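Chains as they are written, first to last, in the numbering used here: chain A, 1 to 121; chain B, 1001 to 1319. Comments concern the structure below.
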Amino acid sequence: MESYLTLLVFFLIALTVALLVPNINLITNKFLKIDKANREKFEPYECGIPKINPIKGSYFAIFYVVALVFLLFDLETVFLFPWAVSFRKLGMLGIAEAFLFITILLVGFLYAIAKGALKWD
Amino acid sequence: MTENFLSLLFIVVLMLVAVPPITYLERKVLGHMQQRPGPMVVGPHGILQPIADAVKLIFKEDVVPKGADKFLFIIAPSFSVFAALLAASVVPIGFINAVPMKSGLLFVMAMSAISIYALFLAGYSSNDKYSFLAGMRAAAQVLGFELPMGFALMAVVILFGSFDFNEIIKWQQQHGWGILYQPIAFLIFLVMMIAEINRPPFDLPEGESELVGGFHTEYSGMRFAAFFFGEYINIIVLSLVITALFFGGWSGPFAEKFPILGVIYHLLKASFFIFLAFWLRATFPRYRFDQMLSIMWKVFLPLSILNLLIAAGEALLVG
């Protein structure tokens, strides 16, 4: 339990540091003379010319299928981490079962490759 | 209990104080590798350069671009520092162990994985197409490196039988360094570590030749610096982790008698990996995005799963 108390204290310290460090400029700007009239500097970056193709609406994320395959394998790692810790206690049966599990998922992975889920052309 | 709080303070201060000298060293190392002197103007051999940078960054104007999502824009750099500091909390340096946690390795993995949200949020909220593309790249990069990293760590965990850093290093003191048993896991973890901290050759979310500045195009002042605090703290933490997993952490000659030597050993071993991050930046060109994803999915992922078999065999033999 004690370690979680220190973790909580660490959490609070990290939170204060993290909120303080990036926002120092808000404090220092009070002592500076700042030109707020120049509107151009608030425009998003574009090499000093008027904006070309600004982002609007939707964007097609090409890695959507990859994300699905990732989700599958990430769940697999979640299941396998407890197995990895208690590897020595489980004995031969546990090992065989885990590798059967991995083999089934590898078949799924090969299927995804064969179907072209991991192509980026 | 007081020990814990002292070491907690030590770790926070170490992480925050170590970052400016590391940025200086990076520029100096890169400069000499490319046969130029690096920073030379401010102070002898440019040693006061980080201080000059800090003064400049602190007194910059606070700019939020037009059309940006203001809340997310402000929260993103804070998140970067926050996640990096939390990851630092559980890693023991010698006898200095702020939060002794049984699942320390998992906690470090989780925290360094969520630090990618900072990049994604920064890119998403900036209302800038370059930042937006960089944020998308950051999100897709996680999909690439997280799995091989997880499987490489799993192989190591099978061998050590624990997530606790103290247990892991105790095992290595008895049986020898982890790299002797798991060289493949070491190589995979090294590559994934470089990808996780967005260092070249995997610095696609920054990609200054393609995306201007990547996710931090619209940031200035200390907000900009906060991303680098997060990035460099992550470098330090993952270097400490990789030495703890594969190079015996704080074990070394006389480390049992004088615990302070253990701290020095651990930091020295870790500093080699920090140097390696600079070295790789000077050596390799950046990967193309599809190349990176396909090497992660088609080479490293099957390799790391096969490595589980090797680890299982070793664990049965070594006991």
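Cβ atoms here follow ideal geometry from the backbone N, Cα and C, with glycine treated the same way. If you're wondering where the values come from, they're calculated on a predicted model, not measured in any experiment.
Closer than 6 Å by C-beta to residue i: which residues in its own chain qualify, once you throw out the five before and the five after it? Chain order, please.
i: Pro-1205/B; result: Leu-1119, Ala-1134, Arg-1137, Ala-1138, Asn-1198, Gly-1214 and Phe-1215
i: Phe-1160/B; result: Ile-1168 and Trp-1171
i: Ile-1116/B; result: Ala-1138 and Val-1142
i: Tyr-1124/B; result: Gly-1135
i: Val-1019/B; result: Phe-1229 and Tyr-1232
i: Leu-1057/B; result: Gly-1221, Met-1222 and Ala-1225
i: Phe-1165/B; result: Pro-1092, Gly-1104 and Ala-1244
i: Ala-1087/B; result: Val-1108, Met-1111, Ser-1112 and Val-1237
i: Ala-1195/B; result: Phe-1145 and Phe-1202
i: Leu-1240/B; result: Val-1091 and Ala-1270
i: Ala-1068/B; result: Ser-1125, Ser-1126 and Asn-1127
i: Met-1015/B; result: Ala-1088 and Ile-1233
Cβ of residue i less than 8 Å from any chain B Cβ?
i: Ala-67/A; result: yes
i: Ser-3/A; result: yes
i: Leu-26/A; result: yes
i: Leu-136/A; result: Absent from the structure is residue 136/A, since the part of chain A shown begins at 1 and ends at 121.
i: Val-107/A; result: no
i: Ala-96/A; result: no
i: Phe-73/A; result: yes
i: Leu-19/A; result: yes
i: Ala-84/A; result: yes
i: Leu-93/A; result: no
i: Ile-104/A; result: no
i: Phe-11/A; result: yes
i: Ala-114/A; result: no
i: Leu-100/A; result: no
i: Phe-87/A; result: yes
i: Phe-79/A; result: no
i: Phe-70/A; result: yes
i: Phe-60/A; result: no
Within 8 Å (strictly less), CB to CB, does residue i reach chain A?
i: Phe-1086/B; result: Residue 1086/B is actually Leu in this sequence, not Phe. Interface residue, yes.
i: Phe-1010/B; result: no
i: Asn-1198/B; result: no
i: Trp-1297/B; result: yes
i: Asp-1128/B; result: yes
i: Phe-1082/B; result: yes
i: Phe-1278/B; result: no
i: Phe-1320/B; result: The question about residue 1320/B has no answer, for chain B in this structure spans 1001 to 1319.
i: Lys-1170/B; result: no
i: Pro-1065/B; result: yes
i: Val-1157/B; result: yes
Put residue i into one of helix, strand or coil per three-state DSSP.
i: Ile-1096/B; result: strand
i: Phe-1071/B; result: helix
i: Pro-1050/B; result: helix
i: Lys-33/A; result: coil
i: Ala-1277/B; result: helix
i: Val-1063/B; result: coil
i: Tyr-1117/B; result: helix
i: Phe-1036/B; result: Note that residue 1036/B corresponds to Arg in the displayed sequence, not to Phe. Arg-1036/B: coil per DSSP, three-state reduction.
i: Tyr-147/A; result: Since the first residue of chain A shown is 1 and the last is 121, residue 147/A is not available in this structure.
i: Asn-25/A; result: helix
i: Gly-1213/B; result: coil
i: Val-1013/B; result: helix
i: Val-1041/B; result: coil
i: Ile-95/A; result: helix
i: Val-17/A; result: helix
i: Asn-1198/B; result: coil
i: Glu-1218/B; result: coil
i: Arg-1286/B; result: coil
i: Ile-52/A; result: coil
i: Val-1157/B; result: helix
i: Ile-102/A; result: helix
i: Ser-1103/B; result: coil
For residue i, which residues of its own chain have a beta-carbon under 8 Å away from its beta-carbon, when the five flanking residues on both sides are left out?
i: Val-1099/B; result: Asn-1004, Leu-1008, Ser-1089 and Val-1090
i: Ser-1251/B; result: Ile-1169, Gln-1172, Gln-1173, Gly-1262 and Tyr-1265
i: Trp-83/A; result: Leu-90, Gly-94 and Ala-98
For residue i, which residues of its own chain have a beta-carbon under 7 Å away from its beta-carbon, when the five flanking residues on both sides are left out?
i: Lys-1269/B; result: Thr-1243 and Phe-1247
i: Leu-1147/B; result: Leu-1301
i: Ser-1162/B; result: Ile-1168
i: Ala-1054/B; result: Pro-1020
Taking only beta carbons into account, state which residues of the stretch 35-50 of chain A come closer than 7 Å to chain B, listed in chain order. Listed by position, the residues of the stretch 35-50 of chain A near chain B (Cβ gap below 7 Å) are Lys-41, Phe-42, Glu-43, Pro-44 and Tyr-45.
Determine, using beta-carbon pairs with one atom in the stretch 1295-1304 of chain B and one in the stretch 1262-1275 of chain B, whether at least three such pairs fall under 8 Å. No, because fewer than three Cβ pairs between the stretch 1295-1304 of chain B and the stretch 1262-1275 of chain B fall closer than 8 Å, the two stretches do not touch.
According to a CB-to-CB cut-off of less than 7 Å, which residues of the stretch 1250-1263 of chain B neighbour chain A? Of all residues in the stretch 1250-1263 of chain B, none has a C-beta nearer than 7 Å to a C-beta of chain A.
Could you list the residues in the stretch 1218-1250 of chain B with a C-beta less than 7 Å from some C-beta on chain A, going in chain order? Within the stretch 1218-1250 of chain B, the qualifying residues are Glu-1218, Gly-1221, Met-1222, Arg-1223, Ala-1226 and Phe-1229.
The stretch 1135-1146 of chain B: which residues have C-beta closer than 9 Å to a C-beta of chain A, in chain order? The residues in question are Met-1136, Ala-1139, Ala-1140, Val-1142, Leu-1143, Gly-1144 and Glu-1146.
contact_flag[the stretch 90-109 of chain A, the stretch 63-73 of chain A] where n(CB pairs < 8 Å) is 3 or more: Counting C-beta pairs closer than 8 Å gives three or more between the stretch 90-109 of chain A and the stretch 63-73 of chain A, which meets the contact rule.
Members of the stretch 1040-1062 of chain B near chain A, C-beta cut-off 7 Å: The residues in question are Ile-1058, Phe-1059, Lys-1060, Glu-1061 and Asp-1062.
For the pair the stretch 1032-1041 of chain B and the stretch 1075-1089 of chain B, tell me if three or more CB-CB distances fall below 8 Å. Touching, no.
For the stretch 1292-1317 of chain B, which residues have a beta carbon sitting closer than 9 Å to at least one beta carbon of chain A? So the list reads Leu-1293, Ser-1294, Trp-1297, Lys-1298, Leu-1301, Pro-1302, Ile-1305, Leu-1308, Leu-1309, Ala-1311, Ala-1312, Ala-1315 and Leu-1316, given in the order they occur along the chain.
Using Cβ-Cβ distances below 7 Å, what residues of the stretch 1086-1104 of chain B are close to chain A? Listed by position along the chain: Leu-1086, Ser-1089, Ala-1098, Val-1099, Pro-1100 and Met-1101.
Determine, using beta-carbon pairs with one atom in the stretch 1060-1075 of chain B and one in the stretch 39-47 of chain A, whether at least three such pairs fall under 8 Å. Flag = yes, the stretch 1060-1075 of chain B and the stretch 39-47 of chain A touch.
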